[in-house]
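Residue numbers (our numbering), protein chains in the order written: chain D, 1 to 181; chain B, 182 to 991. Quick notes on the structure that follows.
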Amino acid sequence: MSKVRIALDDLTVNNLGLFNLITAPEEYPQSYIQECKESGELAQYIYFNEVPVGVIVARPIQPTKSKSPVGLVIELLSVLKSYRHNFDLENEAIAYIEKIGKETKHLNFGYILIDKEANDWLYEFIPSRGYIEEDLNDELYKGLNLTKGKENVVLFKKDLVNKLKAPPMPPQSMQFPQIST
Amino acid sequence: MSKRLPVRKPVVSLGSKDDTQFSEALKLYDSKQYKKSLKILDTVLKKNSQHAPSLALKGLVLNYCDVSDITSMTTSKSEAESYILKALSKDDSNHIVNHIAGIYYRALKNYKEACKWYNASIENKSPNKSILRDLSSMQAQIGDFTKLPISRLAYLEDQPGYRANWTGAAVAHHLNGDYQAAEKVLTRIEELVEDKLQPSDLTEHYELLLYKVKIIGDSGDFKRAIELINQLLESKKYYDGLGLLELKAHYLIQLNELKSASLVYRELLKRNPDNVEYYYKLEKTLGISNSNSEIRLKLYEKLNKFYPKSDPPKFIPLTFLKGEEFEIHAQEYIISQLSRGVPSTFVNVKPLYKNKENIKTIFNIVDEFFYGDAKENPLTTAWTAYFLTQHYYHIKDYEYALKMCDFTINHTPTLIEPYIMKARILKRQNQLIEAAEIMEYARKLDLQDRFINSKTTKYYLRANEINKAIDTISIFTKNDDSPNGLKDLHTMQSIWFLIESGEAYFRLYKLANAKLEKHISEDVDDDDGLSYKRFKSVCSIFDEFHDDQLDFHQYCMRKATPRAYMTMISWGQNLYDQGLYIRSISGMTNLTMSVVSNTKIFKKEVKSITKKSKKDKKEERERRDLLISYSAGSTNETDDIFAELYLQKLTSSKIKDVEKLESLVKLINKMDSNSVITQILNFKLNYYLKKYVICYQSLKNLNSIQPKNSNIGWMFLKLYKVAKSEDELEPIKKILIVSLTKTFPELMDDKADIIDILLSTYFTKDDFETGRSIIECDDDDDDNIKLIERLEIIQNKLDPYRSNYLNYYK
């Protein structure tokens with residue numbers, strides 16, 4: 001297979017039409033897409049050989065009792081069906097958000113919300129990146145409405161600064177093929 | 182363009198008071214103080230109404246005067262010419278009057294008249310030599326190349342210190358076909374400047390050396406041209422090495438020195454290995470272009486090793502290989518491109534589809550790849566499916582094309598190309614609204630893509646949704662105070678849009694007429710007028726193109742680009758034979774013929790009734806305003822937005838038929854008189870004017886240009902009916918019968934079945950043009966059934982879109 005080029009780029013006023021195509025069948029209102037565009041580097045399209053095939057959206061997570069955010073939460077990670085899982089796209093996108101959180105926003109924690117049933121692959125994969133499942137009933141997350149009423153959503157957390165625990169290896173089936181990027 | 186009188190010496194003797202005042206008025210004219218100038222001129226003319234220079238200058242001043250400035254005066258711009266003519270009638274041997282007349286006509290873009298009066302000014306011994314420069318521009322503009330060298334040389338004599346004047350003289354000789362004189366002029370100036378050349382002069386000098394080579398080559402002395410090229414190459418006196426080598430190779434072929442030419446082409450390939458022409462020329466010079474495929478393949482394999490990144494050495498062998506060898510090479514070529522995700526893979530191999538055997542092979546290769554290795558990379562799968570969509574589309578299997586297209590869209594919905602393809606397929610199935618909507622959907626995926634914006638606009642126009650089309654394209658136009666981009670599209674000379682909208686209005690007009698005739702509807706719009714205006718705008722743009730040449734007659738000499746200038750001249754000579762102009766004129770002719778010959782009067786009556794019946798005036802006014810905002814085209818357009826004046830002229834019973842078609846005839850006369858389309862259009866107009874002998878001339882011309890052209894069928898039939906008609910004059914009928922018998926003896930045989938012969942000779946093809954020709958026959962005899970049947974067969978074989986389009990010509 002020839003070389004695959006993976007890249008991320010901003011949402012712009014001209015390419016917002018792609019958003020719901022990528023997230024289908026899930027459909028987001030224009031107001032939300034507009035918000036994502038305005039969040040700049042926190043919302044990115046994922047490009048596979050210059051073709052947009054995925055989208056990742058993160059936002060700062062700020063507990064109600066805190067004055068400053070504790071981390072970035074990835075609330076949306078969607079890749080077109082044919083491009084999912086096998087080409088390192090999700091991994092690259094998560095790594096990018098982690099980098100933004102750590103280096104640009106100077107935040108200590110990375111979070112990700114995963115719909116356990118709809119995205120079981122990501123649920124299984126994410127611990128391999130050092131994420132640990134969190135209790136959504138924790139005092140810290142109360143009043144944030146992270147799940148937005150969805151039942152199967154779980155929250156994972158990663159310490160971006162201190163590697164307290166060595167991340168477990170992903171299961172064999174979850175390991176990415178060697179692709180030069 | 183300067184509108185000033187280029188005065189270098191006093192133009193008049195200041196002997197009389199009139200002349201002094203005239204001189205003062207002239208100065209004021211030069212400084213654009215037209216109102217003051219006019220006042221002085223009026224004073225002079227009050228005293229001496231015979232003072233020709235003042236009369237002429239008044240005409241010129243009036244031409245430039247803003248009418249609003251002189252509302253108190255009785256004169257206006259339209260009177261300007263009467264003053265010029267009066268001045269010329271008083272004293273046409275006065276060089277000042279002649280000069281002013283020249284400037285006036287130049288401003289009116291009547292270059293022929295301008296040329297005449299500039300020339301008269303010189304002949305009447307004007308001391309102002311810069312008139313010669315303007316004269317030469319006029320001569321070049323009207324293509325009067327025989328007289329051009331005289332004015333250029335006379336100006337050179339007056340101003341020999343500028344190299345541009347020498348270049349101008351050489352170009353004039355070249356255009357006049359006097360190659361020897363052209364070469365002589367260039368050699369003379371080379372000798373004069375030899376020791377005085379500065380580094381900054383070298384670009385001009387080298388270009389003129391190369392131009393000299395071209396002149397020698399054009400004279401047919403290829404040997405001497407090559408000698409000069411070799412000298413230039415050795416002494417490195419050139420900047421355009423590519424041009425020099427291309428000329429050398431070309432001349433070597435002319436001299437049949439093929440081996441040397443092949444070496445030059447190899448040199449050229451080193452410079453640009455992507456130029457397909459060089460490969461074909463190399464084959465020709467090596468003498469293997471007609472050899473067997475094995476030898477040719479070996480050459481291309483070698484070239485491919487030299488230039489592995491170039492496409493031609495990989496593609497060209499596919500054009501001559503056959504069977505298994507073709508399959509092997511095609512596989513390599515296509516799969517490599519699909520694997521790399523080249524969206525244009527199908528377009529690259531499309532020329533190979535001319536050979537039907539190739540189609541199956543290519544399909545098998547891609548189909549096998551699609552179900553095999555393409556799955557490794559999802560994007561490769563998408564592009565391969567896109568290829569297959571195009572394949573099915575090309576072989577007109579629209580059902581499968583649509584299936585494959587939907588697969589591609591479902592697989593990678595973020596790619597725009599499959600949507601464009603889907604719209605194309607729907608268009609071919611005559612689902613025009615749906616096609617436009619798909620384009621619109623694709624456009625929304627990438628709002629900054631001008632290509633998809635233009636495509637959507639075009640698809641809306643094809644679906645006769647003109648307002649939506651204007652709204653769409655207005656996203657990319659400069660709208661300023663306008664409600665949409667229509668004015669900007671006129672200013673920016675967007676020909677494709679104007680023609681497409683002209684055709685859309687024509688279709689709407691035909692649909693409305695059909696409804697009127699069937700009494701289905703009484704709604705009448707201004708589609709015919711708007712259609713005419715759009716086509717007219719295209720013609721005006723071509724006139725602007727032609728006028729644009731004017732600046733370059735001097736500019737190219739100054740900038741020392743004679744080769745580019747010669748290219749421009751030959752472009753200008755064929756300007757009105759370009760497809761878009763022909764399409765526009767054809768559209769205008771069809772519209773005019775339709776308006777003059779049928780339901781227009783009935784239509785206007787209905788219009789007045791419907792207008793009166795409208796109760797809600799406010800609503801009507803709003804509707805009208807909206808209509809105007811989507812209709813007003815050119816920048817200074819305030820009245821007659823719907824070309825009502827032109828339409829009134831066409832439908833008026835007081836105006837003669839010849840006058841009605843006058844403007845159209847003028848536009849057609851600009852086209853090549855020997856082209857197929859000119860014969861057809863001339864026939865249509867003259868048939869309407871009942872000038873049957875001229876019609877026969879067009880038919881005869883067409884028969885000699887393209888003996889099997891389907892249009893001959895209907896043209897013959899129409900004239901044949903006239904020749905057999907009882908209403909026509911005997912002498913005309915006799916001439917027609919004799920002429921037609923001479924040109925078409927088989928058809929004029931008394932025992933011949935004319936329709937059968939027409940069907941077997943001219944209406945054999947199953948294409949759109951043949952369908953149109955049959956419709957033009959408009960035959961109401963018993964044999965009609967045969968033509969109707971043939972038309973039905975053609976319509977069934979055409980795709981639904983083309984088939985339906987024929988109905989607009991019925």
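Heads up, the beta-carbon is just placed ideally off N, CA and C, and yes, glycines get one too.
Cut-off 6 Å between Cβ atoms - residues of its own chain near residue i, not counting five sequence neighbours on either side
i         : result
B/Gly-894 : Leu-939, Tyr-943, Phe-944 and Ser-954
B/His-592 : Ala-563
B/Leu-659 : According to the sequence as given, residue 659 of chain B is Lys; it is not Leu. Answer for B/Lys-659: Asp-669, listed in chain order.
B/Thr-637 : Met-620, Glu-621, Arg-624 and Thr-653
Burial state of residue i, where buried means 16 or more other Cβ atoms lie within 10 Å
i         : result
D/His-106 : exposed
D/Thr-12  : exposed
D/Ser-66  : exposed
B/Val-528 : exposed
B/Lys-537 : exposed
B/Ser-443 : buried
B/Tyr-641 : buried
B/Ser-912 : Reading off the sequence, residue 912 of chain B comes out as Pro, not Ser. It counts as exposed.
B/Thr-859 : buried
B/Pro-330 : buried
B/Asp-930 : exposed
B/Gly-401 : exposed
B/Ile-397 : buried
B/Asn-665 : buried
Spatial neighbours of residue i in its chain, beta-carbon cut-off 7 Å, leaving aside the 5 residues before and after
i         : result
B/Asn-346 : Tyr-336, Leu-337 and Gln-340
B/Ala-623 : Ile-597, Tyr-600, Ile-601 and Ile-633
B/Leu-436 : Phe-403 and Lys-404
D/Tyr-28  : Phe-19 and Asn-20
B/Tyr-989 : Arg-688 and Lys-691
8 Å Cβ cutoff met for residue i and residue j
i         : j         : result
D/Gly-207 : D/Leu-160 : One cannot answer for residue 207 of chain D here, as it falls past the ends of chain D, which runs 1 to 181.
D/Asp-88  : D/Gln-44  : no
B/Ile-619 : B/Leu-607 : yes
B/Tyr-877 : B/Asp-838 : no
B/Thr-466 : B/Tyr-446 : yes
D/Ile-74  : D/Ile-56  : yes
D/Leu-122 : D/Tyr-141 : no
B/Leu-711 : B/Thr-770 : no
B/Leu-236 : B/Tyr-210 : no
B/Leu-533 : B/Ile-543 : yes
D/Val-53  : D/Val-79  : yes
B/Val-352 : B/Met-738 : yes
B/Met-774 : B/Lys-889 : no
D/Lys-99  : D/Ile-132 : no
B/Val-278 : B/Leu-269 : yes
B/Asp-151 : D/Asn-15  : Outside the shown range of chain B (182 to 991) lies residue 151 of chain B, about which nothing can therefore be said.
B/Gly-358 : B/Arg-333 : no
D/Leu-72  : D/Ile-61  : yes
B/Ala-233 : B/Asp-200 : no
Same chain, Cβ closer than 8 Å to residue i, neighbours up to 5 away in sequence not counted
i         : result
B/Asp-129 : Examination of residue 129 of chain B is not possible in this model, given that chain B is present from 182 through 991 alone.
B/Cys-246 : Tyr-215, Lys-216, Leu-219 and Lys-258
Near the ligand PLP: residue i beta-carbon under 7 Å from a heavy atom
i         : result
B/Ser-856 : By its list of ligands, the structure shown contains no ligand whatsoever, and the ligand PLP lies outside what it can speak to.
Taking a Cβ distance cut-off of 7 Å, strictly less, list which residues of the stretch 547-561 of chain B are near chain D, in chain order. Glu-557, Asn-558, Pro-559 and Leu-560
Touching by the beta-carbon criterion (3+ pairs, under 8 Å), the stretch 367-375 of chain B and the stretch 388-400 of chain B: yes
Three CB pairs or more closer than 8 Å across the stretch 14-27 of chain D and the stretch 92-108 of chain D: no
Taking only beta carbons into account, state which residues of the stretch 623-647 of chain B come closer than 7 Å to chain D, listed in chain order. Lys-625, Leu-626, Asp-627, Leu-628 and Gln-629
Interfacial residues, the stretch 586-611 of chain B to chain D, with Cβ spacing under 7 Å: His-592, Thr-593, Pro-594, Thr-595 and Leu-596
Hey, is the stretch 978-988 of chain B in contact with the stretch 913-933 of chain B, meaning 3+ C-beta pairs nearer than 8 Å? no
Just by C-beta distance, which residues in the stretch 27-48 of chain D are closer than 7 Å to chain B? Phe-48
At a Cβ cut of 8 Å, what residues of the stretch 74-85 of chain D count as close to chain B, listed as they run along the chain? Leu-80, Ser-82 and Tyr-83
Given 8 Å as the limit, is there contact between the stretch 319-327 of chain B and the stretch 290-302 of chain B, that is, 3 or more CB pairs closer than that? yes
Count the C-beta pairs between the stretch 745-761 of chain B and the stretch 718-737 of chain B that are closer than 8 Å, then say yes if the count reaches three, no if not. yes
If the cut-off is 7 Å on Cβ atoms, which residues from the stretch 518-541 of chain B count as contacting chain D, listed in chain order? Ser-520, Arg-521 and Gly-522
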